[in-house]
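Colleague:
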Amino acid sequence: MSPIELGELARPLDAVDAIVHRDEAAITTVKAVSGSEPFCAGHYPGFAIYPGVFVLETVHQSVLQHVAAGGADWRKARLREIRSARFLAPLRPGDVLRTQCRCSLSADGTELKVQATCRNAERVSAEVRLRYAIGERG
12 MSPIELGELA
22 RPLDAVDAIV
32 HRDEAAITTV
42 KAVSGSEPFC
52 AGHYPGFAIY
62 PGVFVLETVH
72 QSVLQHVAAG
82 GADWRKARLR
92 EIRSARFLAP
102 LRPGDVLRTQ
112 CRCSLSADGT
122 ELKVQATCRN
132 AERVSAEVRL
142 RYAIGERG
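Numbered per this note's numbering, the sequence shown spans residues 12 to 149.
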């Protein structure tokens, strides 16, 4: 399944290449880490790694894809808090980042809690917990 065009989020970073699975409570996406991306020139020269902030952006764009695919206006989902972010293993050019996000909406529909696990093959590279406010864009 192809991602929905979300506009100018974090250009030039398209942090989601494809949606692998989506249901009411979860989304799984993939991102191929390319050696030709601009970060490779300066993020640990000679030992390029996918920056942690890019991993967070991949999780964020995955959540927006989940909201949009559910029929809601993704622009009304505002990141309010990074509750935790644990980076456990580096991602290098040639790796494929597989992001699984479990999403739970509050009873009143105003808050979305996200627990994400990021993997390269079977190895966990990051665990992230986020909180979003859902409401009017502004």
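Ideal Cβ positions, reconstructed from N, Cα and C, are used throughout, including at glycine.
Since we're looking at a predicted model, the values are computed, not measured.
CA-CA distance, Q126 and G105?
Modeller: C-alpha separation (whole angstroms): 25 Å.
Colleague: Let me know the secondary structure DSSP gives P99 once reduced to three states.
Modeller: Residue 99 is actually Leu in this sequence, not Pro. Here L99 sits in coil by DSSP.
Colleague: Suppose you measure from the CA of A80 to the CA of R140; what does that come to, to the nearest Å?
Modeller: About 21 Å.
Colleague: Leaving out the 5 sequence neighbours to the left and right, which residues in its chain are closer than 7 Å to G120 when beta-carbon positions are compared?
Modeller: I145, listed in sequence order.
Colleague: When the Cα atoms are used, what is the spatial distance from E35 to A137?
Modeller: Looking at the two C-alpha atoms, the distance is approximately 23 Å.
Colleague: Relative to the C-alpha of K124, which residue among G82, V135, H77, R134 is closest?
Modeller: Among G82, V135, H77, R134, the Cα nearest to that of K124 belongs to H77.
Colleague: In terms of residue numbering, what span does the alpha helix (DSSP H) encompassing V64 cover?
Modeller: From DSSP, the alpha helix (DSSP H) with V64 extends over 63-80.
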